[in-house]
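Working notes for the structure below.
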Amino acid sequence: MAVSPMHDVAVVGAGSWGTALAIHLARKGLDVGLWGRDAAQVAAMAAEGRNARYLPDCPFPPGLHPETDLEALVGRARRVLLAVPSGGFRETLARIAPGLGPGGLVWATKGLDEASTRWLHQLAQEILPVTVPWGVASGPSFAGEVARGLPTALTLASPDADFAEAARDWLAGGTLRVYTSDDVVGVQLGGAFKNVLAIAAGVSDGLGFGANARAALITRGLAELMRLGEAAGARSETLMGLSGVGDLVLTCTDDQSRNRRLGLALGRGQSREAAMAAIGQAVEGARTARMAVAKADELGVDMPICQRVYRILYEDLPPTRAVEELLSRDPKPEF
Numbered sequence: 001m002a003v004s005p006m007h008d009v010a011v012v013g014a015g016s017w018g019t020a021l022a023i024h025l026a027r028k029g030l031d032v033g034l035w036g037r038d039a040a041q042v043a044a045m046a047a048e049g050r051n052a053r054y055l056p057d058c059p060f061p062p063g064l065h066p067e068t069d070l071e072a073l074v075g076r077a078r079r080v081l082l083a084v085p086s087g088g089f090r091e092t093l094a095r096i097a098p099g100l101g102p103g104g105l106v107w108a109t110k111g112l113d114e115a116s117t118r119w120l121h122q123l124a125q126e127i128l129p130v131t132v133p134w135g136v137a138s139g140p141s142f143a144g145e146v147a148r149g150l151p152t153a154l155t156l157a158s159p160d161a162d163f164a165e166a167a168r169d170w171l172a173g174g175t176l177r178v179y180t181s182d183d184v185v186g187v188q189l190g191g192a193f194k195n196v197l198a199i200a201a202g203v204s205d206g207l208g209f210g211a212n213a214r215a216a217l218i219t220r221g222l223a224e225l226m227r228l229g230e231a232a233g234a235r236s237e238t239l240m241g242l243s244g245v246g247d248l249v250l251t252c253t254d255d256q257s258r259n260r261r262l263g264l265a266l267g268r269g270q271s272r273e274a275a276m277a278a279i280g281q282a283v284e285g286a287r288t289a290r291m292a293v294a295k296a297d298e299l300g301v302d303m304p305i306c307q308r309v310y311r312i313l314y315e316d317l318p319p320t321r322a323v324e325e326l327l328s329r330d331p332k333p334e335f
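Printed below as a string of structure tokens:
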């Protein structure tokens with residue numbers, strides 16, 4: 001029996017983001033294995049040479065190989081890029097951990113662990129062998145634009161500076177620029193909680209409140225991120241960078257954002273269930289809203305916008321009433 005070839009990179013997660021990153025890496029000339037949990041979808045991708053469900057207009061370059069055997073794929077890969085939704089991060093990480101080698105792991109998952117409200121790097125520190133270096137990539141990046149080769153910039157954070165530089169070198173190239181950082185908490189915080197604020201911006205626009213209100217929400221949302229970051233030990237310059245304000249502006253202002261589209265639907269009177277069914281993909285901000293409230297309580301941080309998003313989603317607070325509550329808060333200095 002022939003031995004399956006080694007892959008330069010295994011991309012774990014065949015949603016829109018994982019597929020886009022796999023396309024980018026294969027376009028660079030790397031040999032890429034792409035794993036998806038839906039065997040029928042993987043077979044269709046292999047037959048059609050594209051991900052018809054998520055990125056139908058982005059054909060696969062040579063060297064991109066859809067696969068269904070996760071453990072075998074990881075065992076044959078020099079490096080692994082994990083791009084599953086946050087709800088599947090813990091389980092998938094535990095599955096692949098025994099097969100990871102010294103080439104290390106980068107994840108592009110945005111969110112926290114739902115069961116414990118912990119940062120994903122805390123799970124990685126528990127689950128991964130100490131010999132496996134790791135990092136997290138985040139920043140303003142719509143999957144479709146990355147897949148089409150449009151210019152994009154990300155931040156890659158790792159406590160290991162040598163690994164961050166090595167991972168940057170295989171991830172970056174072409175139209176994707178990658179900056180390195182050691183602020184793991186800050187990069188994750190911006191990537192996770194901006195999704196909640198994008199829902200808020202969508203609600204405001206769905207209610208027809210205009211550009212002034214959207215700008216105010218983005219700015220005061222950034223203030224909430226900065227307060228939470230200070231309490232969590234993140235650096236302010238990280239939250240003013242690509243993975244903070246960059247990603248916040250992107251997701252709050254463009255309808256490619258599923259989180260913004262959820263907010264638009266809520267502002268126009270749709271239920272959460274109907275809106276999410278119409279979107280048809282994971283909306284990370286809906287899950288993260290619960291954790292935003294929990295983190296704010298845990299760290300003693302005031303996050304009124306995130307709290308109202310949570311109440312709209314899970315306590316049936318009418319969006320118009322949420323706005324009234326925000327506007328009627330006691331006056332205070334801006335800084």
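Position 54, counted from 1, in the sequence shown is what the UniProt record's numbering calls 54; the numbers after and before it change by one each time, with no gaps. Ideal Cβ placement from N, Cα and C applies to all residues, glycine included. Computed from a predicted structure; not experimentally measured.
Item: In terms of alpha-carbon separation, which member of V106, T152, L317, L217 lies closest to E165?; Value: V106
Item: Between the Cα of W35 and the Cα atoms of A10, A234, F209, which residue gives the shortest distance?; Value: A10
Item: Of all the options A216, A22, E48, which has the alpha carbon lying nearest to the alpha carbon of L171?; Value: A22
Item: Do you know offhand how far E48's Cα is from K28's?; Value: 21 Å
Item: Check E224 in the structure and name its three-state DSSP category.; Value: helix
Item: S181 and T152 - do their beta-carbons sit closer together than 7 Å?; Value: no
Item: Less than 7 Å between the C-beta atoms of A20 and A143, yes or no?; Value: yes
Item: What three-state label does DSSP hand D162 in the structure shown?; Value: helix
Item: Quick one: Cα of R118 to Cα of L112, how far?; Value: 6 Å
Item: Can you tell me whether DSSP reads Y54 as helix, strand or coil?; Value: coil
Item: For T109, tell me which candidate among G63, L123, F89, G103 has the shortest Cα-Cα distance.; Value: F89
Item: Confirm, please, whether the CB-CB distance from I279 to R261 is below 7 Å.; Value: yes
Item: Relative to the alpha-carbon of P59, which residue among E71, Y314, L176, A46 has its alpha-carbon at the smallest distance?; Value: A46
Item: Quick check on K332: buried or exposed, where buried means 16 or more other Cβ atoms within 10 Å of its Cβ?; Value: exposed
Item: For D205, count neighbouring Cβ atoms within 10 angstroms of its own Cβ and tell me buried if that reaches 16, exposed if not.; Value: buried
Item: Taking its Cβ as the centre, do 16 or more other Cβ atoms sit within 10 Å of E334, making it buried, or is it exposed?; Value: exposed
Item: What are the start and end residues of each continuous beta strand (DSSP E) run of 3 or more residues lying completely inside the segment 2-68, in chain order?; Value: 7-12, 32-35, 64-67
Item: Taking 8 Å as the cut-off, does the segment 50-57 touch the segment 71-86 (at least 3 CB pairs, one atom from each stretch)?; Value: no
Item: Can you tell which of S243, V12, N259, V196 has its C-alpha closest to the C-alpha of A94?; Value: V12
Item: Compare the C-alpha of D8 against each of E126, L326, D169 and name the closest.; Value: D169
Item: Which one or two residues does DSSP pair with W107 in a beta bridge?; Value: L82, V136
Item: Could you tell me the alpha carbon to alpha carbon distance between G15 and V84, rounded to whole angstroms?; Value: 7 Å
Item: Check T238 in the structure and name its three-state DSSP category.; Value: helix
Item: Straight-line CA distance for A265 to F163?; Value: 42 Å
Item: Taking the C-alpha atoms as reference points, what is the distance between H121 and Q41?; Value: 30 Å
Item: Of the residues Q270, A201, A223, A296, which one's Cα is nearest the Cα of T251?; Value: A201
Item: How should V3 be labelled, buried or exposed, when 16 other C-beta atoms within 10 angstroms of its C-beta is the threshold for buried?; Value: Caution applies to V3, whose pLDDT of 41 falls short of 50 and renders its modelled position unreliable; the value that the coordinates give is listed next. Exposed.
Item: Name the two residues that bound the continuous alpha helix (DSSP H) containing A124.; Value: 120-127
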